[in-house]
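Down below is the structure, laid out as structure tokens.
Residue numbers (the numbering used here), protein chains in the order written: chain C, 38 to 736; chain H, 1481 to 1850.
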């Protein structure tokens, strides 16, 4: 076993950069892709004489489900595959090819052969989700093979397979404050983790450390104990060793355990309280920011005393702090304690520098822009899902019929490739195609063993269409991130996307007669959602040129839409959400999401792989790429805020800071983001400047 | 033996004080001892990590199916690193630190911190890897192998030998002035030689031990152990740089003749260490046919160590395995939070918010729609 035993394509891919991380030779990546295919993929792809034979084999051997294929004739199936193969798709980067073949392509059970190529996987997705409708299937395959959009990983990966995971992997659960509720949440977490789900849990309802249980004072353990349980659950119930479970817990800052909550991630936390794998998020109502601004102290309120006094779950109260704060502060029956909000903000910033966590949700920014009647109380593992929940209360095991099932959340996702949508001029078509797949997933998914999630899916049919490839696209067009042209582009683009998503959801409501749950109480029903919305046309020359002969929604279009929505309703409670897209972004050769790239050549270290990914358009426009750490975060916030106006859910937004920046610098970003209406902040990534940049050692 | 008179003026700041002053003083970080120590202090502290930060469990799936000879080589490699880190933390850094004049509080702080990282963190983390991957009896066998392996023992002897000379000189200088049998210049030479040995250990011998873990890491295998190595690497790169800088300060004060003599000593040490290291490599890597590749990497690192000491490289430029070279890059890697810890984390510098920070002049872009 010497150097020659390391696969050639891995060596080639490693030669893209030099030892200092700078670009050495981009062509090595192209050579790596070629080598990968010639020496590995092509050799290991199972050969079939015809498509018919292939499908027969795959169905007989229980690789594929049979039912969806039976909805088509052989000719129809062949037509879809032809459309895919005639596009002559080629992976531009090694990372993209590797990610697809390693993670998504169907392999034989012994792992030795590939049974699918990229075109096959896409064709199956198109056929399955079109459910027999050939027109739909054609539209879907065209959009998919052009890489105008992609369904989310669990959908792309699992569609059509006989033995498969769920199509959905994004779940949010709200915990109630009883042992039954906590046990159920623990169970649901493991069940969802087992199927590859990412689960976020709101712990705000739980009574704090030192509260009473059944009248006995000072005995409750607070949220930390529950966090430890969940931490272990996720590590145990992994996907058969492939991936540790992913869980996140959220806590409102007005909960008394908030400081302990933040301690659990500190670098030197003691092992009994340290949380190893859970992600964490804090929910910050405006009240805290107001008190911090005035440099006053703030009260935190003990949930069980609040419940006893008002009969309401604490999460419902804490999410409306502007309304409740003074009342709770003055009520002597509500147990409370003072903390310093500026110190808390500083703690949050310190912790983000040390660990990247916690996520931040600006509660009032979210709910001020929330068109639904119920409040959004927390977010998810990637901070782009913002939907309301209703806490469930579970009865004893032998009294299941008394379970009070509320509404949790599951969300189906897909992402459009901004660059391709613009180049192919297919904004409307892409939004619709993506919604077709996401709606199909909604219909075909029933996670009945987590009842509040199944109920929400049935009633709301929430979906989240996002975007990737933004930075790559603007670089190719010589637009600087954060410039006026960038903001212009974002405003026009997202206004369109929003319009088309509303239009299609309305058409589906009209066609099926189904509106999302409590549509009548929403701002869509009374038309107030549409106030201030209308046509947005490009202002700068460059952006005008980019949108050249594309139709954009006009004021009349919006007026008509408003009326139609009022009349027919909307099929989906939520339509847009910009997820972070990690692995899928590589397959699509897109820069991730809306945020700027972190490095020009990304070295991605996942649990089971390590590869180098040069950013798209590096060979033509390298000088245009400024990386996230060096960009002015205020400008990045401006860009995201512009998009946020048009997105009904959230946008995953990572801040990038250097080791030179202090906690005050970071907190100023938080405050500015809050000011600009940003709803959530995701990780904060730090990049330590290498020692040569700090000072000249001149060795 | 009477003290020899000074032959030439030794630069004030490196001139050792014989005997040490009687008055005690305290560290005053408001003043700089030089123009680099405080920076190295910041960098060292901001890189602090604990072995427990990395959970090694997920590597087990990969480890269990590796062939015996691969596991053997990987383990022996880490055992060599354990020995090196142990003595560097136990003796190396502390001896250099003690040898500096009492007034160099900040330099001592940096050296002591680096020592602690080496034996309290690095050495422990190798044990964590052993504990996760190997059964107890194998771990004992491994340590016994180290005790009995001639090459490893010789390497330790050569390095620790230089430390012991300085240790004795320092002791005598401080507590037994009657027994002082060396000049100030000879003291400085001993200091320099100890620093030279230290840099050889940190920037050369350690790095050569990183080859195999990085070789795996580059293929996406044993990633968690690879993360630990990355964190250790990040530390070692600045340890070698720092001690190298201290050594250059001393070396510059010697005259040309003395410098030639010392260079001769250094190359002699280099060759002896190279010989022992080569044999050790052959013992470990011959069964895997990797010795040739590893030796290229050893020569590459020897050059780096020489550069840290202020000298030109002596081995010709050779192409090192790109997998391993890329592993050396300590720039923060983007990583998937859900599976790895990542090397970008650090202690944040705190600074309090001001009232004016809450007010913004920029136009509000957020939704005015509600």
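No residue lacks a Cβ here, since even glycine has one placed at the ideal position from N, Cα and C.
#1: Tell me, please, whether the stretch 541 to 555 of chain C touches the stretch 700 to 710 of chain C by the rule of three or more beta-carbon pairs shorter than 8 Å.
#2: With a threshold of 8 Å on Cβ separation, who are the neighbours of residue 1592/H within its own chain once the five nearest residues in sequence on each side are excluded?
#3: Taking only three categories from DSSP, how would you classify residue 263/C?
#4: Could you give the first and the last residue of the continuous beta strand (DSSP E) run that contains residue 453/C?
#5: Any beta carbon from chain C within less than 9 Å of residue 1573/H's own beta carbon?
#6: Whose CA, out of 165/C, 447/C, 322/C, lies closest to the CA of residue 225/C?
#7: Under a CB-based cut-off of 9 Å, is residue 535/C close to chain H?
#8: Just the chain H side, please: which residues come within less than 7 Å of residue 165/C by C-beta, in chain order?
#9: If you draw a straight line from the alpha carbon of residue 676/C to that of residue 519/C, how long is it in whole angstroms?
#10: Would a check of beta-carbon distances place residue 92/C closer than 9 Å to chain H?
#11: Using 9 Å as the threshold, is the C-beta distance between residue 686/C and residue 501/C below it?
#12: Which residues, in chain order, does the stretch 1673 to 1699 of chain H contribute to contact with chain C at a C-beta distance below 9 Å?
#13: Ends of the beta strand (DSSP E) at residue 693/C?
#14: How many angstroms separate the CA atom of residue 458/C from the CA atom of residue 521/C?
#15: Which value, in whole angstroms, describes the spacing of the CA atoms of residue 1585/H and residue 270/C?
#16: Looking at the structure shown, is residue 421/C part of a helix, part of a strand, or coil, going by DSSP?
#17: DSSP three-state label for residue 1819/H, please.
#18: Could you name the residues of chain C that residue 1791/H contacts, counting a contact when the two beta carbons are closer than 8 Å?
#19: So which residues on chain D does residue 704/C lean against when the C-beta distance must stay under 8 Å?
#20: So, is the C-beta of residue 1803/H closer than 9 Å to a C-beta in chain C?
#21: Tell me the residue span of the alpha helix (DSSP H) that contains residue 205/C.
#22: Throw me the rounded Cβ distance for the residue 210/C and residue 238/C pair, which I believe falls under 8 Å.
#23: I need the straight-line Cα distance from residue 134/C to residue 70/C, nearest angstrom please.
#24: Looking at C-beta atoms only, is the number of pairs between the stretch 508 to 518 of chain C and the stretch 461 to 479 of chain C that lie closer than 8 Å three or more?
#25: Report the residue from 583/C, 181/C, 493/C, 568/C whose alpha carbon sits nearest the alpha carbon of residue 529/C.
#26: Do we get a CB-CB distance below 9 Å when we pair residue 301/C with the residues of chain H?
#27: So, for residue 1546/H: in the same chain, excluding its five sequence neighbours on each side, which residues have a beta-carbon less than 8 Å away from its beta-carbon?
#28: Is the beta carbon of residue 130/C sitting closer than 9 Å to the one on residue 626/C?
#29: Can you grab the Cα-Cα spacing for the pair residue 404/C / residue 286/C, in whole Å?
#30: Using beta carbons (cut-off 9 Å, strictly below), is residue 438/C in contact with chain H?
#31: To which residues does DSSP link residue 20/C through a beta bridge?
#32: Looking only at its own chain, which residues have a Cβ that is under 7 Å from the Cβ of residue 1580/H, when we skip the five neighbours before and after it?
#33: What is the DSSP secondary structure of residue 96/C, reduced to helix, strand or coil?
#34: Could you tell me the alpha carbon to alpha carbon distance between residue 628/C and residue 527/C, rounded to whole angstroms?
#35: Considering only residues of the same chain and omitting the five flanking positions on each side of residue 1599/H, which have a CB-CB separation below 8 Å?
#36: Between the C-alpha atoms of residue 622/C and residue 312/C, what's the straight-line distance to the nearest angstrom?
So, to answer that:
#1: no
#2: 1573, 1574, 1577
#3: helix
#4: Judged by DSSP secondary structure, residue 453/C falls within the beta strand (DSSP E) whose first and last residues are 449 to 454.
#5: no
#6: 447/C
#7: For residue 535/C, the answer is no, since every Cβ of chain H falls outside 9 Å of its Cβ.
#8: The contacting residues do not exist; residue 165/C stays about 28 Å from chain H at best.
#9: 6 Å
#10: no
#11: yes
#12: 1695, 1697, 1698, 1699
#13: 692 to 695
#14: 21 Å
#15: 48 Å
#16: coil
#17: Legend: pLDDT at residue 1819/H = 40, less than 50; position of this residue unreliable, value from coordinates given subsequently. In this structure, residue 1819/H counts as coil in the three-state DSSP scheme.
#18: Neighbours of residue 1791/H on chain C: none; closest Cβ ~10 Å, over 8 Å.
#19: Among the protein chains of the structure shown, namely C and H, there is no chain D.
#20: yes
#21: Unbroken run through residue 205/C: none, as it is neither H nor E.
#22: 5 Å
#23: 7 Å
#24: no
#25: 583/C
#26: For residue 301/C, the nearest beta carbon of chain H is not closer than 9 Å to its own beta carbon.
#27: If we look at residue 1546/H and ignore the five residues flanking it on each side, its Cβ neighbours are 1554.
#28: yes
#29: 20 Å
#30: no
#31: The question about residue 20/C has no answer, for chain C in this structure spans 38 to 736.
#32: Correct list, in chain order: 1587, 1588.
#33: helix
#34: Each residue's alpha carbon lies about 16 Å from the other.
#35: 1565, 1566, 1568, 1569, 1570
#36: 29 Å
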